[in-house]
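Numbering (my numbering), first residue to last: 1 to 459. We put the beta carbon where it would ideally sit given N, CA and C, even for glycine. Keep in mind the model is a prediction, meaning the values are calculated, not measured.
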Amino acid sequence: MHPTRRNFLKNVTAASALLATNGIAKPFNIIKDLKKISPNDKIRFATIGMGIQGNSDTRSAIRSTPEAEFVAAADLYDGRLTRVKEVYGKDIFTTRDYRQILDRKDIDAVLIVTPDHWHDHITKAALKAGKNVYCEKPMVHHIDEGHSVIDAWKKAGKTMQVGSQSVSSASYKEAKKLVQAGEIGEINFVESNNDRFNSIGAWNYSIPTDASVDTLDWDTFLGDAPKVPFDSKRFFRWRNYRDYGTGVAGDLFVHLITGVHFVTGSLGPERILSSGELSYWKDGRDVPDVLVSILDYPKTDLHSKFQMVLRVNFANAGSIKNNTRIVGTEGQIEFTQNNLVLNKKKLPKAPGFAGYDSYNTFSESQQKEFKIQYDAQYPEDTRRVEPVKEIKFEAPKGDDADANHFRDFFDNVKKGSLGTIEDPIFAFRAAAPVLACNKSYFEKKIVNWDPVEMKLKKK
Ligand SMILES: NC(=O)c1ccc[n+]([C@@H]2O[C@H](COP(=O)([O-])OP(=O)(O)OC[C@H]3O[C@@H](n4cnc5c(N)ncnc54)[C@H](O)[C@@H]3O)[C@@H](O)[C@H]2O)c1
1 MHPTRRNFLK
11 NVTAASALLA
21 TNGIAKPFNI
31 IKDLKKISPN
41 DKIRFATIGM
51 GIQGNSDTRS
61 AIRSTPEAEF
71 VAAADLYDGR
81 LTRVKEVYGK
91 DIFTTRDYRQ
101 ILDRKDIDAV
111 LIVTPDHWHD
121 HITKAALKAG
131 KNVYCEKPMV
141 HHIDEGHSVI
151 DAWKKAGKTM
161 QVGSQSVSSA
171 SYKEAKKLVQ
181 AGEIGEINFV
191 ESNNDRFNSI
201 GAWNYSIPTD
211 ASVDTLDWDT
221 FLGDAPKVPF
231 DSKRFFRWRN
241 YRDYGTGVAG
251 DLFVHLITGV
261 HFVTGSLGPE
271 RILSSGELSY
281 WKDGRDVPDV
291 LVSILDYPKT
301 DLHSKFQMVL
311 RVNFANAGSI
321 KNNTRIVGTE
331 GQIEFTQNNL
341 VLNKKKLPKA
351 PGFAGYDSYN
361 TFSESQQKEF
371 KIQYDAQYPE
381 DTRRVEPVKE
391 IKFEAPKGDD
401 ADANHFRDFF
411 DNVKKGSLGT
421 IEDPIFAFRA
431 AAPVLACNKS
441 YFEKKIVNWD
451 PVEMKLKKK
């Protein structure tokens, strides 16, 4: 660790804390005269939670920039710590206790890739310990945890990025450009889904044969969840239980809504209603495997009022087409992380008559009279139909959203800036409505949300 760089990181992040906005996410300005980290400097990072995504994130972080150096890992299951040394090298520091990582002064950033119920606790502790934080989605397990994470971030003045990486893909950026340029007119409807039909896709991940209270730290895993006897399914398939996970809404809707907020610039919905069921995977889980939610978005300076329908069906044995479709008054845009299709279609001013229309039922004299009036009201130029246009976009080969998302994080760490693409305010505006989708499902009621103040509302 280079002392000068440490002071540098400390000073610039404190200064940039001043840039944190109060409540509404605004683009952050980068402080102009910041000293850059010298090219030889590394950003040393550790990963807390070395499961499936912890490994994927670690690889993405390493790939994102040569300046990122993976130095330490924490996990509660010994097998995963052994695996860290097998894959990344025997010199990587490993521990069951994430606090040992937060105590280390030579670590600049942590990746928090634990189950959802640990996100807020470790994030706040890490920020307090002066670490820059990359936290997986959803940022919080419960709605009432959001503001304390945002406050901790502002107080610490450290860089924080949340992990819905699709917003760092070329395709989502193109979608944003097109929608914000008005290519589809006024938005009135959005739908997005993420269906699956396979056991692993339905979160039934493999359980190691040596899983026991000796090889893993069960008590710490439980954290703030109710104390229950050891159950390897709860540890390795935690998504199936509300005590640790956030169901299909927190796991998958959150990616969909994050994308829509990124593309439209929306702050969030004001009314949320869900319906669903546990239809197929009746394996002891306490969350639905089919969930449909309707979210009503109010008009803002950036978009008109629209409805969004989100769906996950883990028992879709029919055709599966997972994408997001944003429909407007002049066309629609359909996109995934890899490509998009924009269809433009604009109605002429003249409404037309005849065909399947009441005109044909009028008397002959009334039809004549009607036509005279119509011709006077709608001259030729108001009848012209613009040709339907289709514009396709393919992400450039090698576009790597995961690495891009980390590069954005590390670039901001280097600059000491809080202005990541998915900062905690933006991330909470995505997490809270999807947690409200669960609230609506479990409590069987409409949930009202204030997207500006980021608070639940009674009405
Ligand atoms: N961005 C994405 O595309 C994406 C994809 C998958 C998962 N995720 C997110 O990543 C997170 C992890 O998911 P996963 O599939 O990797 O889960 P996983 O079960 O494979 O791994 C979680 C790991 O966290 C460890 N852990 C639990 N509590 C801990 C604690 N207090 N301290 C240290 N380690 C702890 C466990 O031992 C486990 O190895 C979740 O929040 C999930 O939503 C994001």
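Cα separation between Gly-250 and Lys-154?
Here the alpha carbons of Lys-154 and Gly-250 stand approximately 24 Å from one another.
Same chain, Cβ closer than 8 Å to Ser-56, neighbours up to 5 away in sequence not counted
Apart from sequence neighbours up to five positions away, the residues of its chain that approach Ser-56 with a beta-carbon distance below 8 Å are Asp-402, ordered along the chain.
Are there any heavy atoms of ligand 1 lying less than 6 Å away from the beta-carbon of Phe-221, as far as the coordinates show?
Yes - ligand 1 has a heavy atom lying nearer than 6 Å to the Cβ of Phe-221.
Among Phe-370, Pro-269 and Val-290, nearest to Pro-298 - alpha-carbon criterion
For the set Phe-370, Pro-269 and Val-290, the Cα lying nearest the Cα of Pro-298 is the one of Pro-269.
Nearest residue (CA-CA) to Val-290, options Arg-196, Lys-371, Pro-379 and Lys-346:
Per the Cα distances, Arg-196.
Does the beta-carbon distance from Val-388 to Lys-345 come in below 7 Å?
Closer than 7 Å, so yes.
How is the beta strand (DSSP E) around Ala-72 delimited, first residue to last?
The continuous beta strand (DSSP E) containing Ala-72 extends over residues 68–74.
Tell me whether Ala-354 is buried or exposed, calling it buried when 16 or more other Cβ atoms sit within 10 Å of its Cβ.
So Ala-354 counts as exposed.
On the DSSP bridge assignment, give the partners of Arg-325 in chain order.
According to DSSP, which records beta bridges pairwise, Arg-325 is partnered with Glu-191 and Glu-334.
Tell me whether the stretch 248–262 and the stretch 428–442 touch, counting them as touching only if at least three CB pairs, one residue from each stretch, are closer than 8 Å.
By the Cβ rule, the stretch 248–262 counts as touching the stretch 428–442, because three or more pairs are nearer than 8 Å.
Would Gly-185 and Thr-329 qualify as a contact pair, given that the criterion is a beta-carbon distance under 7 Å?
Their beta carbons are under 7 Å apart, which means Gly-185 touches Thr-329 by this criterion.
Should Trp-218 be listed as close to ligand 1, given that the test is whether its C-beta is under 6 Å from any heavy atom?
Trp-218 Cβ: outside cutoff for every heavy atom of ligand 1.
Using DSSP's beta-bridge definition, name the partner residues of Leu-291.
Gly-276 and Val-312, per the DSSP bridge assignment.
May I ask whether a heavy atom of ligand 1 can be found less than 6 Å away from the beta carbon of Ala-152?
No; taking the cut-off as 6 Å, the Cβ of Ala-152 has no heavy atom of ligand 1 nearer than that.
For Arg-384, count neighbouring Cβ atoms within 10 angstroms of its own Cβ and tell me buried if that reaches 16, exposed if not.
Exposed, by the Cβ-count rule.
Straight-line CA distance for Ser-166 to Trp-238?
In this structure, the straight-line span from the alpha carbon of Ser-166 to that of Trp-238 is close to 24 Å.
Thinking just about the alpha-carbon of each residue, which of Glu-145, Lys-137 and Val-149 is nearest to the one in Ala-126?
Nearest in C-alpha terms to Ala-126, of all of Glu-145, Lys-137 and Val-149, is Val-149.
Same chain only: Cβ atoms within 6 Å of Lys-457, ignoring 5 sequence neighbours per side
Answer for Lys-457: Asn-448 and Asp-450, listed in chain order.
Residue range of the unbroken beta strand (DSSP E) whose run includes Val-476:
Residue 476 lies beyond the range of the chain shown here (1 to 459); nothing can be said about it.
Do you know whose CA, among Gln-337, Asn-404, Asn-316 and Glu-67, lies nearest Gly-201's CA?
Nearest option by C-alpha distance: Asn-316.
Could you tell me which of Thr-47, Gly-276 and Val-312 sits nearest to Gln-100, measuring between CA atoms?
It is Thr-47.
C-alpha distance - Asp-91 paired with Phe-70, whole-angstrom precision:
The straight-line gap from Cα to Cα measures roughly 10 Å.
Evaluate the contact criterion for the stretch 278–295 versus the stretch 303–313: three or more CB pairs, one atom per stretch, below 8 Å.
The stretch 278–295 is in contact with the stretch 303–313.
In terms of DSSP beta bridges, what is Ala-211 paired with?
Paired residues: none, contrary to the question.
Here's a check: name, in chain order, each residue in its chain whose Cβ is nearer than 7 Å to the Cβ of Gly-49, leaving out the five neighbours to either side.
Excluding residues within five positions, the ones whose Cβ falls inside 7 Å are Asp-75, Ile-112, Val-113 and Thr-114.
Cβ shell of Lys-124 (< 8 Å), same chain only, five flanking positions each side left out
Only Ser-148, Val-149 and Ala-152 meet the Cβ criterion.
Quick one: what's Cys-135 bridged to in DSSP?
BP columns for Cys-135 point to Ile-112 and Val-162.
What do you reckon, are the CB atoms on Ala-430 and Val-254 nearer than 7 Å?
Cβ distance < 7 Å, so Ala-430 and Val-254 count as in contact.
Assigned exposure category for Pro-288 - 16 Cβ within 10 Å defines buried
That one is buried.
Any idea what DSSP makes of Asn-198, helix, strand or coil?
Coil at Asn-198, not helix or strand.
Identify the residues that DSSP records as bridge partners of Ala-46: which are they?
Note: Ala-46 is bridge-paired with Ala-72 and Val-110 in the DSSP secondary-structure output.
Can at least three beta-carbon pairs, one atom from the stretch 157–172 and one from the stretch 416–431, be found at a separation below 8 Å?
Under the three-pair Cβ rule at 8 Å, the stretch 157–172 counts as touching the stretch 416–431.
In angstroms, rounded to a whole number, what distance separates the CA positions of Ile-446 and Glu-145?
Between the C-alpha atoms of Ile-446 and Glu-145 there is a straight-line separation of about 21 Å.
Helix, strand or coil for Ile-37 per DSSP?
Per-residue confidence for Ile-37 stands at a pLDDT of 45, beneath the threshold of 50, marking its modelled position as unreliable; no derived number is given.
Should Ala-72 go down as buried or exposed, given a rule of 16 or more other Cβ atoms within 10 Å for buried?
Flag for Ala-72 reads buried.
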